[in-house]
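S.K.: If you read the sequence shown in my numbering, its first letter stands for residue 21, the second for the next number, and so on. The beta carbon of each residue, even a glycine, is placed where N, CA and C say it ideally should be. Below is one structure. I have some questions about it.
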Amino acid sequence: MSSKTFVVDTSRSPFAKLRPVPIEDVHLQDSFWAPRLRKLQKVTLPTQHESCEETGRIANFRRAAGKEKTDFQGLYFNDSDVYKWVEAAAFSLASSPDQKLQNLAQEVIAHIVAAQDEDGYLNTYFTFERTKERWTNLRDMHELYCAGHLIQAAITYYRATGERSLLEAASRFADQIARVFGPDKRSGTSGHPEIEMPLTELYRVTDNRAYLDLAQFLVDNRGIGLIGGRSYHIDHKPFRELDEIVGHAVRSLYLNCGAADIFMERGDKTLWDALIRLWQSMTERKMYVTGSVGSRYEGEAFGIDYELPNVRAYAETCAAIANVMWNWRMLLISGETRFADVMELALYNGVLPGLSLDGERYFYVNPLADRGQHRRETWFRCACCPPNIARLLASLPGYMYSLSPEGLWVHLYAQSTSNLEVGGSPVGIRQLTDYPWNGDVELVLQPENDVSFSLCLRIPVWCRKAEVQVNDQELDKAIQAGEYLEIRRVWKPGDRVQLSMSMPVERLVNNPYVMENHDRVALRRGPIVYCAEGVDNPDHDVWSLILPIEAELRVEWKPDLLDGLMIIRGKTFVANSDRFEGSLYQPMEKAHPKSRREQFTAIPYYGWANREPSPMTVWIRSSTKYREA
Ligand SMILES: [Zn+2]
21 MSSKTFVVDT SRSPFAKLRP VPIEDVHLQD SFWAPRLRKL QKVTLPTQHE SCEETGRIAN
81 FRRAAGKEKT DFQGLYFNDS DVYKWVEAAA FSLASSPDQK LQNLAQEVIA HIVAAQDEDG
141 YLNTYFTFER TKERWTNLRD MHELYCAGHL IQAAITYYRA TGERSLLEAA SRFADQIARV
201 FGPDKRSGTS GHPEIEMPLT ELYRVTDNRA YLDLAQFLVD NRGIGLIGGR SYHIDHKPFR
261 ELDEIVGHAV RSLYLNCGAA DIFMERGDKT LWDALIRLWQ SMTERKMYVT GSVGSRYEGE
321 AFGIDYELPN VRAYAETCAA IANVMWNWRM LLISGETRFA DVMELALYNG VLPGLSLDGE
381 RYFYVNPLAD RGQHRRETWF RCACCPPNIA RLLASLPGYM YSLSPEGLWV HLYAQSTSNL
441 EVGGSPVGIR QLTDYPWNGD VELVLQPEND VSFSLCLRIP VWCRKAEVQV NDQELDKAIQ
501 AGEYLEIRRV WKPGDRVQLS MSMPVERLVN NPYVMENHDR VALRRGPIVY CAEGVDNPDH
561 DVWSLILPIE AELRVEWKPD LLDGLMIIRG KTFVANSDRF EGSLYQPMEK AHPKSRREQF
621 TAIPYYGWAN REPSPMTVWI RSSTKYREA
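Rendered as structure tokens:
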């Protein structure tokens with residue numbers, strides 16, 4: 021094996037605060053993520069491969085290589101789904117070698133490599149009769165987008181297996197692109213950003229600065245009228261002048277990822293300032309309570325400020341994935357908890373609902389309320405989300421820790437063992453915890469020798485009360501939610517750190533400008549956002565719940581429900597909407613709802629729509645007490 025598998029390799033990035041930890045060195049052993057990663061390898065990836073075959077996505081490569089005489093099948097950017105599948109397989113192989121999966125990936129890679137033109141160009145749509153159309157429509161045809169996914173897959177597969185053929189093909193293609201586009205060559209930029217990330221990563225792998233230059237060239241070429249100037253493509257302004265997050269959500273967030281990657285290498289402060297403005301625009305005015313983004317169906321886009329509908333939430337799974345990827349990069353640059361907080365929120369509540377518990381069905385769109393009609397599907401004609409969720413989840417071990425000159429950073433909590441190199445010394449780290457269901461985390465450190473470094477523990481912003489003990493001694497230091505707690509000392513083999521984060525059920529309310537959620541609450545416990553689903557509430561419609569503010573809410577562990585989860589129960593009013601039978605509107609005095617008190621149950625939002633169809637809502641009506649100021 022030639023190298024280690026990183027999500028983003030900031031090992032030598034001068035403007036990144038944090039260094040990556042290889043996926044191979046982190047072993048999840050928890051009951052939340054580890055079974056999901058196993059299912060991903062054994063069920064999700066094989067079935068996705070079948071779907072790629074059945075829909076002609078892999079046949080398109082055989083056709084381009086002259087091995088099959090068929091028409092091009094599907095959408096013009098379908099190559100990207102195959103690339104994302106390879107990337108997901110590579111990440112999965114990095115944490116858990118599997119010969120069958122590797123053989124399958126190797127076979128797909130052979131088809132990809134065989135489809136490459138002599139000059140390095142590789143896109144199965146623009147072959148034969150469409151060869152002349154290459155690079156003629158950068159705005160709409162996703163050529164640079166597909167190339168980017170190829171490069172990323174190639175880098176990851178190389179890192180995970182040491183196998184170079186895809187990396188060589190991808191580099192040849194990147195070279196071809198660099199021969200066509202550049203300051204003294206053709207100008208242009210991609211209608212669908214993405215390639216900026218992998219080009220920067222390819223620079224990190226190869227040390228070839230031309231790839232980084234090309235990535236920056238593509239960012240710098242936005243907003244100057246080359247691809248039509250629409251906000252949909254984030255082409256309405258130069259990137260450094262952006263002050264509001266707009267446009268197609270996945271495009272927008274991938275572009276931010278690319279800009280963050282370039283910043284890590286070059287440190288151009290105008291890029292960072294723009295990224296911070298965009299992050300504030302998103303998190304303060306345009307993000308769902310679940311960390312999902314891109315609320316608007318029209319253009320799969322960010323809406324205006326506070327436009328966060330529930331039933332008509334678009335909230336594409338890919339946008340939540342991109343949100344995780346962007347916040348990961350912002351975290352690597354800054355070491356600031358606020359980015360890890362959004363990352364964790366989007367991971368558990370924005371990304372995870374995108375995959376069914378059986379590992380075979382997907383959401384593209386993620387409503388926050390539904391009447392029982394919205395269901396996951398096994399595949400899509402535009403299938404960006406399924407392989408995207410696979411590659412993110414497969415790479416999860418790489419998100420748990422980082423290193424810096426100060427020491428070791430713990431971002432995510434999960435039962436696991438890891439063997440890392442900290443302060444120049446091998447250090448074993450064991451996390452003992454039931455997170456995300458319980459906020460107690462014990463870390464046992466096993467440095468080879470006594471070694472001095474800082475252990476930086478993320479105290480999530482949702483945590484109101486945390487206590488820390490080192491070897492049973494209360495830590496003499498103020499603990500602040502929303503910060504990394506730095507514990508600096510000489511660590512000896514067997515040292516134990518006990519972090520205890522209180523995890524009460526919280527009722528969240530929305531900024532009043534979100535009109536949909538007046539007098540509604542969302543339930544959150546630790547990092548998990550809840551919803552009420554009809555299946556658990558057979559005696560009443562969950563859309564009719566009115567949760568009294570004094571209602572006591574208790575949690576209950578259900579080992580057999582939806583692969584094991586913590587539910588929330590309580591007594592609530594149920595509005596009687598009989599008077600509305602057959603009408604939409606009623607005079608208020610007539611409609612005054614009679615309500616009765618009943619038990620209700622809420623489950624983690626990620627688990628909804630895994631049983632028979634029924635209504636669901638995240639935001640629950642709640643009586644609010646008003647007081648005169
Ligand atoms: Zn998608």
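For Tyr231, which residues from the same chain have a beta carbon less than 8 Å from its beta carbon, with the 5 sequence-adjacent residues on both sides left out?
M.R.: These residues qualify, in order along the chain: Ala194, Ala198, Leu219, Thr220, Leu222, Tyr223.
S.K.: List the whole-angstrom C-beta distance separating Ile566 from Arg641, where the pair is believed to meet the contact cut-off of C-beta under 8 Å.
M.R.: About 5 Å separates the two Cβ atoms, so the contact holds.
S.K.: Are Glu618 and Lys591 closer than 8 Å when you measure CB to CB?
M.R.: yes
S.K.: Does at least one heavy atom of ligand 1 sit under 7 Å from the Cβ of Cys72?
M.R.: no
S.K.: Would you mind stating whether Leu352 and Ala36 have Cβ atoms separated by less than 8 Å?
M.R.: yes
S.K.: For Tyr103, which three-state DSSP category applies?
M.R.: In this structure, DSSP gives Tyr103 a helical state, which the three-state scheme calls helix.
S.K.: Are Tyr455 and Ala434 close, meaning C-beta to C-beta below 8 Å?
M.R.: yes
S.K.: I think Val430 touches Leu440, with their Cβ atoms under 8 Å apart; what is that distance to the nearest whole Å?
M.R.: Not confirmed; about 11 Å, so no contact.
S.K.: By a C-beta neighbour count over all protein chains shown, 10 Å radius and 16 as the cutoff for buried, is Val331 buried or exposed?
M.R.: Classification for Val331: exposed.
S.K.: List the residues that DSSP assigns as beta-bridge partners of Trp429.
M.R.: Beta-bridge pairing links Trp429 to Ser422, Cys476.
S.K.: So is the beta-carbon of Thr75 under 7 Å away from any non-hydrogen atom of ligand 1?
M.R.: no
S.K.: Go ahead and pull the three-state DSSP assignment for Asn408.
M.R.: helix
S.K.: Three Cβ pairs or more, each shorter than 8 Å: is that satisfied between the segment 77 to 86 and the segment 150 to 159?
M.R.: no
S.K.: Could you check if Cys277 belongs to the surroundings of ligand 1, using beta carbon to heavy atom distance under 7 Å?
M.R.: no
S.K.: Per DSSP, Gly590 is paired with what?
M.R.: Leu573, Phe620
S.K.: Using the C-alpha atoms, what's the distance from Pro558 back to Leu38?
M.R.: 49 Å
S.K.: Mark Asn491 as exposed unless 16 or more other C-beta atoms lie within 10 angstroms of its C-beta, in which case mark it buried.
M.R.: exposed
S.K.: What residues in its chain sit with their C-beta under 6 Å from that of Gln9, if we drop five residues either side in the sequence?
M.R.: Here the chain covers residues 21 to 649 and nothing more, so residue 9 does not appear.
S.K.: Given a cut-off of 8 Å on the beta-carbon distance, is the pair Ser615 and Phe600 in contact?
M.R.: no
S.K.: Report buried or exposed for Cys402, applying the criterion of at least 16 other Cβ atoms within 10 angstroms of its Cβ.
M.R.: Around the CB of Cys402, fewer than 16 other CB atoms lie within 10 Å, so the residue is classed as exposed.
S.K.: Hey, is Thr220 close to ligand 1, as in C-beta under 7 Å from one of its heavy atoms?
M.R.: no
S.K.: Can you give me the C-alpha to C-alpha distance between Thr64 and Leu413, rounded to a whole angstrom?
M.R.: One C-alpha to the other measures close to 11 Å.
S.K.: Can we count Glu336 as close to ligand 1, meaning its CB is less than 7 Å from some heavy atom?
M.R.: yes
S.K.: DSSP on Trp628, reduced to helix/strand/coil?
M.R.: DSSP places Trp628 in the coil class of the three-state scheme, outside both helix and strand.
S.K.: Compute the minimum distance between the beta carbon of Tyr384 and the heavy atoms of ligand 1, and state whether it is under 7 Å.
M.R.: yes
S.K.: At the level of alpha carbons, what is the spacing between Phe473 and Arg508?
M.R.: 6 Å
S.K.: Quick test of the definition: if touching needs 3 or more C-beta pairs under 8 Å, does the segment 294 to 306 touch the segment 366 to 375?
M.R.: Between the segment 294 to 306 and the segment 366 to 375 there are fewer than three C-beta pairs closer than 8 Å, too few to call the two in contact.
S.K.: Shorter than 7 Å, the distance from the beta carbon of Asn228 to the closest heavy atom of ligand 1, or not?
M.R.: no
S.K.: Along the chain, which unbroken stretches of the beta strand (DSSP E) at least 3 residues long are found entirely within the segment 460 to 544?
M.R.: 460 to 467, 471 to 479, 486 to 490, 503 to 511, 515 to 521, 525 to 528
S.K.: Does the segment 108 to 118 touch the segment 39 to 46, meaning 3 or more C-beta pairs lie closer than 8 Å?
M.R.: yes
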